[in-house]
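Novice:
Number of protein chains: 2
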Amino acid sequence: MLSSTEENYLKAIYKISERDNKAASTNAISSEISTSAASVSDMLQRLSSKGMTHYEKYKGVTLTEQGNKIATNLIRKHRLWEVFLVEKLNFTWDEVHDLAEQLEHIQSPDLVNRLDQFLEHPKFDPHGDPIPDADGNFTHRRQIELTNLATEEIGTLVGVQEDSSTFLKYLDRMGLSLGTELKVLEKFEFDGSVKLLVNNKEQITISNKVCKNLFVKK
Amino acid sequence: MLSSTEENYLKAIYKISERDNKAASTNAISSEISTSAASVSDMLQRLSSKGMTHYEKYKGVTLTEQGNKIATNLIRKHRLWEVFLVEKLNFTWDEVHDLAEQLEHIQSPDLVNRLDQFLEHPKFDPHGDPIPDADGNFTHRRQIELTNLATEEIGTLVGVQEDSSTFLKYLDRMGLSLGTELKVLEKFEFDGSVKLLVNNKEQITISNKVCKNLFVKK
DNA sequence: TTCTATTTTTAGATTAGTCTAAATTTATTA
DNA sequence: TAATAAATTTAGACTAATCTAAAAATAGAA
Numbered sequence: 011m012l013s014s015t016e017e018n019y020l021k022a023i024y025k026i027s028e029r030d031n032k033a034a035s036t037n038a039i040s041s042e043i044s045t046s047a048a049s050v051s052d053m054l055q056r057l058s059s060k061g062m063t064h065y066e067k068y069k070g071v072t073l074t075e076q077g078n079k080i081a082t083n084l085i086r087k088h089r090l091w092e093v094f095l096v097e098k099l100n101f102t103w104d105e106v107h108d109l110a111e112q113l114e115h116i117q118s119p120d121l122v123n124r125l126d127q128f129l130e131h132p133k134f135d136p137h138g139d140p141i142p143d144a145d146g147n148f149t150h151r152r153q154i155e156l157t158n159l160a161t162e163e164i165g166t167l168v169g170v171q172e173d174s175s176t177f178l179k180y181l182d183r184m185g186l187s188l189g190t191e192l193k194v195l196e197k198f199e200f201d202g203s204v205k206l207l208v209n210n211k212e213q214i215t216i217s218n219k220v221c222k223n224l225f226v227k228k
Numbered sequence: 011m012l013s014s015t016e017e018n019y020l021k022a023i024y025k026i027s028e029r030d031n032k033a034a035s036t037n038a039i040s041s042e043i044s045t046s047a048a049s050v051s052d053m054l055q056r057l058s059s060k061g062m063t064h065y066e067k068y069k070g071v072t073l074t075e076q077g078n079k080i081a082t083n084l085i086r087k088h089r090l091w092e093v094f095l096v097e098k099l100n101f102t103w104d105e106v107h108d109l110a111e112q113l114e115h116i117q118s119p120d121l122v123n124r125l126d127q128f129l130e131h132p133k134f135d136p137h138g139d140p141i142p143d144a145d146g147n148f149t150h151r152r153q154i155e156l157t158n159l160a161t162e163e164i165g166t167l168v169g170v171q172e173d174s175s176t177f178l179k180y181l182d183r184m185g186l187s188l189g190t191e192l193k194v195l196e197k198f199e200f201d202g203s204v205k206l207l208v209n210n211k212e213q214i215t216i217s218n219k220v221c222k223n224l225f226v227k228k
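Protein sequence lines, in the order shown, are assigned to chains A and B.
Numbered continuously in the numbering used here, the first sequence closes out at residue 228.
Numbered continuously in the numbering used here, the second sequence closes out at residue 228.
(1) Three or more C-beta pairs closer than 8 Å, one from the segment 32-50 of chain B and one from the segment 150-170 of chain A: is that the case here?
(2) How about E114 of chain B and K133 of chain B: are their beta carbons less than 7 Å apart?
(3) Can you check DSSP and say which residues form a bridge with L186 of chain B?
(4) Return no unless some Cβ of chain A is closer than 7 Å to the Cβ of S44 of chain B.
(5) Determine the extent of the alpha helix (DSSP H) in which F128 of chain B is found, giving its start and end residues.
(6) Taking only three categories from DSSP, how would you classify G169 of chain B?
(7) Just list the beta strand (DSSP E) runs in the segment 52-111 of chain B, keeping only unbroken ones of 3 residues or longer that don't cross its boundaries, in chain order.
(8) Which value, in whole angstroms, describes the spacing of the CA atoms of D30 of chain A and K21 of chain A?
(9) Alpha carbon to alpha carbon, what distance is there between C221 of chain A and G185 of chain A?
(10) Of the choices B:L206, B:D126 and B:N223, whose alpha-carbon is the least far from that of I154 of chain B?
(11) Using the beta-carbon count (16 or more within 10 Å), is A48 of chain A buried or exposed?
(12) Starting from I141 of chain A and walking both ways along the alpha helix (DSSP H), at which residues does that stretch end?
(13) Strictly below 7 Å CB to CB, what residues from chain A border F134 of chain B?
(14) Which same chain residues end up closer than 7 Å to S40 of chain A when comparing Cβ atoms and leaving out the 5 residues on each side of it in sequence?
(15) Leaving out five residues on either side along the sequence, give the residues of the same chain with a beta carbon under 7 Å from the beta carbon of K227 of chain B.
(16) Is the Cβ-Cβ distance between V208 of chain B and I214 of chain B less than 7 Å?
(17) So is Q112 of chain A in contact with chain B if we call contact Cβ pairs under 7 Å?
(18) Consider the Cβ of K179 of chain B: report whether some Cβ of chain A lies at a distance smaller than 7 Å.
(19) Determine which residues of the segment 89-104 of chain A have a Cβ less than 9 Å from any Cβ of chain B, and write them out in chain order.
(20) Say whether chain B places a C-beta atom closer than 7 Å to the C-beta of L109 of chain A.
(21) Does the ligand FMN have a heavy atom nearer than 6 Å to the CB of L121 of chain A?
(22) At the 7 Å Cβ level, is R124 of chain A part of the contact set with chain B, yes or no?
(23) What is the residue span of the alpha helix (DSSP H) that I23 of chain A lies within?
(24) What residues of chain B sit near I116 of chain A, judged by a beta carbon separation below 9 Å?
(25) Determine the extent of the alpha helix (DSSP H) in which K222 of chain A is found, giving its start and end residues.
(26) Cβ of L125 of chain B within 7 Å of Cβ of L95 of chain B?
(27) Looking only at DSSP bridge pairs, what is I154 of chain A linked to?
(28) State the Cα-Cα distance for the pair W103 of chain B and A81 of chain B, rounded to the nearest angstrom.
(29) So is F225 of chain A in contact with chain B if we call contact Cβ pairs under 7 Å?
(30) Hey, quick one: how far does the beta strand (DSSP E) through E114 of chain B stretch, first residue to last?
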């Protein structure tokens, strides 16, 4: 069995490979989990000797099938716990990330599955991210970045890229939550900011950076 | 903040002091948490330097107010999680101990209290053990050991001493669970075993060892 | 293609928690 | 009360995970 630390490395490698579509570099991992490159280098050798990663010195690292399975399961646990915290314990969506980081390391295959059942097999977490099933299959999101919506088009907010507390609090403040209907009124070329009609009522303008972090369904 | 390991030492010290009504010895702790006496000795000095324990070499150890508070809170968390696992996720009472050992180390004051609220402030865990409130106060159990029941007396099973999986499975097998009504039919002096009438129906005989692990309310 | 900058790895040290073996202190008992 | 047994602590070593500094390898630019 792996330590929590080792598990966190696998998750980081998964996340980076997913994002960049290539082997994760030592530096990318070290900045993802805030440790020195030296520590990462050490750990990569350990994870490889345990059959979790394919690693060639100076060439970056990818997950083996086994490593991928563990990483996916961590994500499953993380997102299910987030649903539990929000739906059952009434936490807000900006409070649950750090807690789920702890809970995802609880060891018990039975627990995850019972939790999944208790929550009635949710497909998405409170941030709109898909929850993989017990076999590691994700429900594919039919969603696009808000930036890809043309003027006058309407979409429903179904997910966010970032889940930092500051970003989520900002969204709450602007009256944006999952399920909110958005109509693009105007796109400003100058800085990429966008003027929106929210739920057919209020008008707000959001920056390009915010825009890129919002997923909508047409 | 303390590590999980340090927390486990505090819990062990709490448990032993409670049971024996005196300072916990190095050996008692080492057998409670299955580590060498040398490791315990080391740890006791560390915990004392952190203000968690009163420790005098060769004289055993007791908890400071702060240490006591942490230990009590761990017990609170442990028992609340056990209620959650049994009531909400349908685990059986013999399956939850090890999982609760992991869950009790999750750090978040908010989480415990929300869990408590979600479970509607249970007073006892699935083994009949009292759950301390947020201030560390236990509901006093008005219960006696089954061994103290005289012949012909009737009691309701309200708690168990041990919560090892083997013991609890044995009880299930014998048709004994919390709430079961027991009538003492005969006490055998020879080996301390006892013949019981269970729920006014079946007759069983249990050993003295089992007897000592059962609490009843008259 | 060669030199320089960047990235990555190695070397060596540190901390928490553990161990065994040896030394020391306390308890028991003759 | 002196000798022996038991309990406890200290010494020294090990592993996992981390760090900084130095060395080595790779990538990029002239």
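Every residue, glycine too, gets a C-beta built ideally from N, C-alpha and C.
Specialist: In terms of the structure at hand:
(1) no
(2) Counting from one through the second sequence, the residue named residue 114 of chain B turns up at place 104. Counting from one through the second sequence, the residue named residue 133 of chain B turns up at place 123. No, Cβ-Cβ distance for E114 of chain B and K133 of chain B is not below 7 Å.
(3) If you number the second sequence from 1, residue 186 of chain B lands on position 176. L186 of chain B pairs with nothing; no bridge assigned.
(4) Position 34 of the second sequence, counting from 1, holds the residue named residue 44 of chain B. No, S44 of chain B lies away from the interface with chain A (no Cβ there is under 7 Å from its Cβ).
(5) For this step, residue 128 of chain B is matched to residue 118 along the second sequence. P119 to F128 is the extent of the alpha helix (DSSP H) around F128 of chain B.
(6) Here residue 169 of chain B refers to the residue found at position 159 of the second sequence. Strand.
(7) 63-65 and 71-73
(8) What you label residue 30 of chain A is simply residue 20 of the first sequence in a count that begins at 1. What you label residue 21 of chain A is simply residue 11 of the first sequence in a count that begins at 1. C-alpha separation (whole angstroms): 14 Å.
(9) Your numbering for residue 185 of chain A matches position 175 in the first sequence. Your numbering for residue 221 of chain A matches position 211 in the first sequence. Each residue's Cα considered, the two are about 14 Å apart.
(10) As a position in the second sequence, residue 154 of chain B is number 144, starting the count at 1. With distances taken between Cα atoms, I154 of chain B lies closest to B:N223.
(11) Counted from its first residue, the first sequence places residue 48 of chain A at position 38. Counting Cβ neighbours within 10 Å, A48 of chain A comes out exposed, since fewer than 16 surround it.
(12) Working through the first sequence from its first residue, we reach residue 141 of chain A at position 131. Premise fails: I141 of chain A is in no alpha helix (DSSP H) and is neither H nor E.
(13) In the second sequence, residue 134 of chain B corresponds to position 124, counting from 1. Correct list: empty, because the minimum Cβ distance to chain A is about 21 Å.
(14) Mapped onto the first sequence, residue 40 of chain A falls at position 30. Excluding sequence neighbours, S40 of chain A sits near S46, A47 and V50.
(15) Residue mapping note: residue 227 of chain B aligns to position 217 of the second sequence, counting from 1. Cβ neighbours of K227 of chain B beyond the five flanking positions: R152, Q153, G165, T166 and V168.
(16) What you label residue 208 of chain B is simply residue 198 of the second sequence in a count that begins at 1. What you label residue 214 of chain B is simply residue 204 of the second sequence in a count that begins at 1. Taking 7 Å as the Cβ cut-off, V208 of chain B and I214 of chain B qualify as a contacting pair.
(17) Here residue 112 of chain A refers to the residue found at position 102 of the first sequence. At least one chain B Cβ lies under 7 Å of Q112 of chain A.
(18) Walking along the second sequence from the start, residue 179 of chain B turns up at place 169. Not one chain A Cβ lies under 7 Å of K179 of chain B.
(19) L95, K98, L99, N100 and F101
(20) Numbered from 1 along the first sequence, position 99 holds the residue referred to as residue 109 of chain A. It does: the Cβ of L109 of chain A has a partner Cβ on chain B nearer than 7 Å.
(21) Although the ligand FMN was asked about, the structure shown includes no ligands whatsoever.
(22) Locating residue 124 of chain A in the first sequence gives position 114, counting from the first residue. It does; some Cβ of chain B falls within 7 Å.
(23) The residue labelled residue 23 of chain A in the question sits at position 13 within the first sequence. Its alpha helix (DSSP H) spans residues S14 to D30.
(24) Taking the first sequence and counting its residues from 1, the one referred to as residue 116 of chain A is at position 106. Here the neighbours are L109, Q112, L113 and I116.
(25) Within the first sequence, numbered from 1, the residue matching residue 222 of chain A stands at position 212. First-last of the alpha helix (DSSP H) with K222 of chain A: N218 to K222.
(26) By one-based count along the second sequence, residue 125 of chain B stands at place 115. By one-based count along the second sequence, residue 95 of chain B stands at place 85. Contact: no.
(27) For this step, residue 154 of chain A is matched to residue 144 along the first sequence. Note: I154 of chain A sits in a beta bridge opposite A:V226.
(28) Taking the first residue of the second sequence as 1, we reach residue 103 of chain B at position 93. Taking the first residue of the second sequence as 1, we reach residue 81 of chain B at position 71. Their Cα atoms are separated by approximately 22 Å.
(29) Locating residue 225 of chain A in the first sequence gives position 215, where the first residue counts as 1. Closer than 7 Å: no.
(30) For this step, residue 114 of chain B is matched to residue 104 along the second sequence. Note, E114 of chain B: premise wrong, no beta strand (DSSP E); not H, not E.
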